[in-house]
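Trainee: Next up is a structure, given as C-alpha cells.
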Amino acid sequence: MRRAGEWPPLFAADMSVKNLQTIPFNRPHVSQNELDYLGEVLNGGLTSGDGPFTRRASGLLEEMTGAGKALLTTSCTHALEMAALLLDLRPGDEVIMPSFTFVSTANAFALRGAVPVFADCRPDTLNLDERLVEAAVTERTRAVVVVHYAGVACEMDGIGAVARRHGLAVIEDNAHGLGGSYRGRPLGSFGAMAAQSFHATKNVQCGEGGALLLNDPGLVARAEVIREKGTNRSQFFRGQVDKYRWVDIGSSYLPSDLLAAQLTAQLESFDVIQARRHAVWNAYHAGLADWAAANEVAQPVVPDGCAHPAHLYYLLLPDLGNRQALIAHLAERGVQAAFHYQPLHAAPAGRRYGRVAAPGCPVTEQVADRLVRLPLFADLDEEGTARVIDAVRSYEVG
Numbered sequence: 001m002r003r004a005g006e007w008p009p010l011f012a013a014d015m016s017v018k019n020l021q022t023i024p025f026n027r028p029h030v031s032q033n034e035l036d037y038l039g040e041v042l043n044g045g046l047t048s049g050d051g052p053f054t055r056r057a058s059g060l061l062e063e064m065t066g067a068g069k070a071l072l073t074t075s076c077t078h079a080l081e082m083a084a085l086l087l088d089l090r091p092g093d094e095v096i097m098p099s100f101t102f103v104s105t106a107n108a109f110a111l112r113g114a115v116p117v118f119a120d121c122r123p124d125t126l127n128l129d130e131r132l133v134e135a136a137v138t139e140r141t142r143a144v145v146v147v148h149y150a151g152v153a154c155e156m157d158g159i160g161a162v163a164r165r166h167g168l169a170v171i172e173d174n175a176h177g178l179g180g181s182y183r184g185r186p187l188g189s190f191g192a193m194a195a196q197s198f199h200a201t202k203n204v205q206c207g208e209g210g211a212l213l214l215n216d217p218g219l220v221a222r223a224e225v226i227r228e229k230g231t232n233r234s235q236f237f238r239g240q241v242d243k244y245r246w247v248d249i250g251s252s253y254l255p256s257d258l259l260a261a262q263l264t265a266q267l268e269s270f271d272v273i274q275a276r277r278h279a280v281w282n283a284y285h286a287g288l289a290d291w292a293a294a295n296e297v298a299q300p301v302v303p304d305g306c307a308h309p310a311h312l313y314y315l316l317l318p319d320l321g322n323r324q325a326l327i328a329h330l331a332e333r334g335v336q337a338a339f340h341y342q343p344l345h346a347a348p349a350g351r352r353y354g355r356v357a358a359p360g361c362p363v364t365e366q367v368a369d370r371l372v373r374l375p376l377f378a379d380l381d382e383e384g385t386a387r388v389i390d391a392v393r394s395y396e397v398g
C-alpha cells in the first residue's frame, strides 16, 4: 500500500521520462503481462480473431462498462462503421453530432450516405451542447452521436430525453471515456451502442484496436454477422448452424488474438494505469491553477456528477497566437504539446457531406484555435510532470 502523496508505482521498467531528453506528448504504457500473453498466443498457434484472449478482453470490457455484449474491432472507426450499418442508414438520413470531434465520428455515417449534422459544443466541457440538439432534429434525423471529450461525460439526461421524444438512437463515441461515469453510471452504457478506442494514444491500448459495446440485446446477432464479413460464422463455431453462409452485408472488423492478448494485459492493469494518469492530471490541475487564473487561461471543467478517466489535460489560451507561442515555448524546453481537433463543419469534406445546425458553431471555432494538450501518460513520473508544469508557468501570455 502506498503512502499518502506517494507517486503510484509502475509495472514497466526503464520508462521514466527523466531518462529522456524530450518529454513526449504520449508514450504507450507496457503492462505487466503483455509479453507473456503474446507468447501464449504465438506458442498456441491461434493468432486469428475470436480466440481465448478475444473472449477474455471482451469479458473484462463487459464487466467495466456494464455492456450486454462487447465485440472487439480493429479500431474505434470500425466500431462506429458497424454502428452505422446496424442503424440501417439510408442516403439522406441525418445524424446529429458535434463538430468538435475526430473525423471518424462523421466518416462512419457519411460512408452510408447519411448527412452529418454538426452542432456546437459547450464552452465549459467542450462536449455537444445538449441545448442545441432538439432544434437540430428534422424528419430525416435518425440518431444522435455524443462524444465524451477528454472522458468527461456529455449531459446525458438532457440528450436522452430529446432522443426519446423523437425516437432517435443514441450512439456514444466513447474513445476518450473508458473508466469515466455520469451520475454513477459508466460511460458507454447510455447509448444503444458505444464505440471504444484502444489506439496507442488511449489509456489502455493495443496499438490499433477498438470495440463496439451493445446495450440493446436485439442488435447482438446482427452485429456478430456484420463483424464477420456478413456471415453467420460465429453461430457456426458455437454449433448453432451446420455451416456458415453469407447472410448480410458486413466487413472484416475482427482483430487478431495477438492484439486481444495485449489488450487483455492492459485491461487487467487498468487500476494501476489510471492511478498514474490521475496523479499527473491532478498535479497539472493544482500546479497550474494560479498561473491559469492570472493569465486568463481556462483549465478543464468536470461538472458535478461526472467522473473522468484522466484521458487528457488541456489548456485554453486566450487566442490562437498565444496557443502557437506556448507550443513553441514548450518545445524549446523539451516538452511536446499539441493542439487538437479542427472543426469538421468547416473542413472540405464537412462542407461536402454534412451541414451545420443553427446557430452555427462559433464556440467550436474559437476553442479549436485556443486549445493546447499537455503530455499525459502513465509512465510520466513526478520529475517529468514537474518539468512540464515549470515550463508552462514560465510562459508569459501576451
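Each residue of the sequence shown is one higher than the one before, starting from 1 at the first, in UniProt numbering. We treat Cβ as the ideally placed atom computed from N, Cα and C, and that holds for glycine. These numbers come from a predicted model, not from an experiment.
1. Which residues in the same chain as Arg2 place their Cβ atom closer than 6 Å to its Cβ, once the five residues preceding and following it in sequence are excluded?
2. Is Cys154 helix, strand or coil by DSSP?
3. Sort out for me which residues DSSP pairs Lys69 with in a bridge.
4. Buried or exposed: Asn203, going by 16 or more other Cβ atoms within 10 Å of its Cβ?
5. Three or more C-beta pairs closer than 8 Å, one from the region 381–397 and one from the region 311–323: is that the case here?
6. When DSSP labels each residue in this structure, what does Gln196 get in the three-state scheme?
7. Tell me the DSSP secondary structure of Arg373 in three-state form.
8. Distance, Cα to Cα, Thr77 vs His166?
9. Buried or exposed: where does Asn43 fall if 16 or more other Cβ atoms within 10 Å of its Cβ makes it buried?
10. From which residue to which residue does the alpha helix (DSSP H) around Arg142 run?
11. What first and last residue would you give for the beta strand (DSSP E) that runs through Pro116?
12. Along the beta strand (DSSP E) that carries Val95, what are the first and last residues, could you check?
13. Assuming His176 contacts His311 (C-beta within less than 8 Å), just tell me the rounded distance between them.
14. When the distance is taken between beta carbons, is Thr264 closer than 9 Å to Asn33?
15. Would you check whether the ligand ATP has a heavy atom nearer than 8 Å to the C-beta of Glu139?
16. By how many angstroms is the C-alpha of Val144 removed from the C-alpha of Gly360?
17. Measuring CB to CB, does Val301 end up less than 9 Å from Leu288?
18. Under a Cβ-count criterion, where at least 16 other Cβ atoms within 10 Å of its own Cβ denotes burial, should Trp281 be classed as buried or exposed?
19. Using the three-state DSSP reduction, which class does Arg351 fall into: helix, strand or coil?
20. Measuring only the C-alpha atoms, how far is Pro303 from Glu332?
21. Return helix, strand or coil for Val356, following the three-state DSSP convention.
22. Give me the residue from Asn26, Phe25, Val30, Ile23 with the minimum Cα distance to Phe270.
23. For the 8 Å Cβ check, are there 3 or more pairs between the region 145–156 and the region 381–395?
24. Run through DSSP, which three-state label would Arg387 get?
25. Could you tell me whether the Cβ atoms of Ile226 and Leu86 are closer together than 9 Å?
26. With distances taken between CB atoms, is the gap from residue 402 to Lys69 smaller than 9 Å?
27. Between Gly321 and Gln342, what straight-line distance do the alpha-carbon atoms span, to the nearest angstrom?
28. Ala192 and Leu214: beta carbons closer than 9 Å?
29. Is it buried or exposed, residue 448, if we count other Cβ atoms within 10 angstroms and call 16 or more buried?
30. Please classify Arg164: is it buried, with 16 or more other beta-carbons within 10 angstroms of its beta-carbon, or exposed?
31. According to DSSP, is Ala294 helix, strand or coil?
32. Could you name the residues of the same chain whose beta carbon sits closer than 7 Å to that of His308, not counting the 5 residues immediately before and after it, in chain order?
33. On the three-state DSSP scale, how would you describe Cys306?
34. Between Tyr313 and Arg373, is the Cβ-Cβ spacing less than 9 Å?
35. Looking only at its own chain, which residues have a Cβ that is under 7 Å from the Cβ of Leu80, when we skip the five neighbours before and after it?
36. Thinking C-beta only, is Arg122 closer than 9 Å to Glu134?
Mentor: According to the data block:
1. Indexing the sequence shown from 1 puts residue 2 at position 2. With a pLDDT of 38 at Arg2, under the threshold of 50, the predicted position of this residue should be treated as unreliable, though the coordinate-derived value follows. Once the five neighbours on either side are set aside, Arg2 has no close Cβ partner at all.
2. Along the sequence shown, one-based indexing puts residue 154 at 154. Looking at Cys154 - three-state DSSP - the assignment turns out to be coil, as it is neither helix nor strand.
3. Locating residue 69 in the sequence shown gives position 69, where the first residue counts as 1. According to DSSP, Lys69 bridges with Leu214.
4. The sequence position of residue 203 within the sequence shown is 203, counting from 1. Burial is judged here by how many other beta carbons sit within 10 angstroms of a residue's own beta carbon; Asn203 has at least 16 and is buried.
5. By the Cβ test, the region 381–397 is in contact with the region 311–323, since at least three Cβ pairs between them sit closer than 8 Å.
6. To locate residue 196, count along the sequence shown from 1; it is residue 196. DSSP, reduced to helix, strand and coil, places Gln196 within a strand of the structure shown.
7. Locating residue 373 in the sequence shown gives position 373, where the first residue counts as 1. Strand at Arg373.
8. Taking the sequence shown and counting its residues from 1, the one referred to as residue 77 is at position 77. Taking the sequence shown and counting its residues from 1, the one referred to as residue 166 is at position 166. Cα to Cα, Thr77 sits roughly 26 Å from His166.
9. Sequence index remark: in the sequence shown, residue 43 carries index 43 (1-based). By the 10 Å Cβ count, Asn43 comes out exposed.
10. Translated into positions along the sequence shown, residue 142 becomes position 142. First-last for Arg142: 141–147, but that is the beta strand (DSSP E), not the alpha helix (DSSP H).
11. On the sequence shown, residue 116 is found 116 positions in, with the first residue counted as 1. Counting along the chain, Pro116 sits inside the beta strand (DSSP E) bounded by residues 115–119.
12. Within the sequence shown, residue 95 is the residue found at index 95, counting from 1. Where Val95 is concerned, the enclosing beta strand (DSSP E) stretches over 94–98.
13. For the purposes of this step, residue 176 is taken as the residue at position 176 of the sequence shown. For the purposes of this step, residue 311 is taken as the residue at position 311 of the sequence shown. Taking 8 Å as the upper bound for CB-CB distance, His176 and His311 are in contact here, some 4 Å apart.
14. What you label residue 33 is simply residue 33 of the sequence shown in a count that begins at 1. What you label residue 264 is simply residue 264 of the sequence shown in a count that begins at 1. Contact: yes.
15. Ligands displayed in this structure: none; no statement on the ligand ATP is therefore possible.
16. In the sequence shown, counting from the first residue as 1, residue 360 sits at position 360. In the sequence shown, counting from the first residue as 1, residue 144 sits at position 144. Gly360 and Val144: Cα-Cα distance of roughly 17 Å.
17. Within the sequence shown, residue 301 is the residue found at index 301, counting from 1. Within the sequence shown, residue 288 is the residue found at index 288, counting from 1. The answer is no: Cβ separation not under 9 Å.
18. As a working note, residue 281 is residue 281 in the sequence shown. Using a 10 angstroms sphere on the CB of Trp281, the tally of other CB atoms reaches 16 or more, which defines it as buried.
19. Position 351 of the sequence shown holds residue 351. Correct three-state label for Arg351: helix.
20. Locating residue 303 in the sequence shown gives position 303, counting from the first residue. Locating residue 332 in the sequence shown gives position 332, counting from the first residue. Distance between the alpha carbons of Pro303 and Glu332: 34 Å.
21. By 1-based counting over the sequence shown, the position of residue 356 is 356. DSSP places Val356 in strand when its eight states are reduced to three.
22. Reading the sequence shown from its first residue, position 270 is the one you call residue 270. Here the closest residue by C-alpha is Val30.
23. Between the region 145–156 and the region 381–395 there are fewer than three inter-stretch CB-CB distances shorter than 8 Å, so the stretches are not counted as touching.
24. Taking the sequence shown and counting its residues from 1, the one referred to as residue 387 is at position 387. The answer is helix: DSSP assigns Arg387 an H, G or I state.
25. Taking the first residue of the sequence shown as position 1, residue 226 is located at position 226. Taking the first residue of the sequence shown as position 1, residue 86 is located at position 86. Yes, the pair counts as a contact, with Cβ atoms nearer than the cut-off.
26. There is simply no residue 402 to check, as the chain begins at 1 and stops at 398 in what is shown.
27. For the purposes of this step, residue 321 is taken as residue 321 along the sequence shown, with counting starting at 1. For the purposes of this step, residue 342 is taken as residue 342 along the sequence shown, with counting starting at 1. Straight-line Cα distance between these residues: approximately 16 Å.
28. Locating residue 192 in the sequence shown gives position 192, where the first residue counts as 1. Locating residue 214 in the sequence shown gives position 214, where the first residue counts as 1. Result yes, Cβ atoms of Ala192 and Leu214 sit closer than 9 Å.
29. Outside the displayed range of the chain (1 to 398) lies residue 448, so it cannot be described from this structure.
30. Indexing the sequence shown from 1 puts residue 164 at position 164. Answer is exposed; the Cβ neighbour count stays below 16.
31. Numbered from 1 along the sequence shown, position 294 holds the residue referred to as residue 294. Ala294 carries a helical assignment under DSSP once its states are collapsed to helix, strand and coil.
32. To locate residue 308, count along the sequence shown from 1; it is residue 308. Here His308 has Ala150, Gly151, Val152, Gly180, Val302 as same chain residues with Cβ atoms under 7 Å from its own Cβ, once five neighbours each way along the sequence are excluded.
33. Locating residue 306 in the sequence shown gives position 306, counting from the first residue. In the three-state DSSP reduction, Cys306 falls in the strand class (E or B).
34. Counted from its first residue, the sequence shown places residue 313 at position 313. Counted from its first residue, the sequence shown places residue 373 at position 373. Cβ atoms of Tyr313 and Arg373: closer than 9 Å.
35. The count along the sequence shown starts at 1 and reaches residue 80 at position 80. Closer than 7 Å at Cβ, skipping near neighbours: Ser104, Thr105, Ala108, Asp173, Ala195.
36. Here residue 134 is taken as the residue at index 134 of the sequence shown, counted from 1. Here residue 122 is taken as the residue at index 122 of the sequence shown, counted from 1. Inclusion of Glu134 and Arg122 in the CB contact set at 9 Å is not warranted, their separation being larger than that value.
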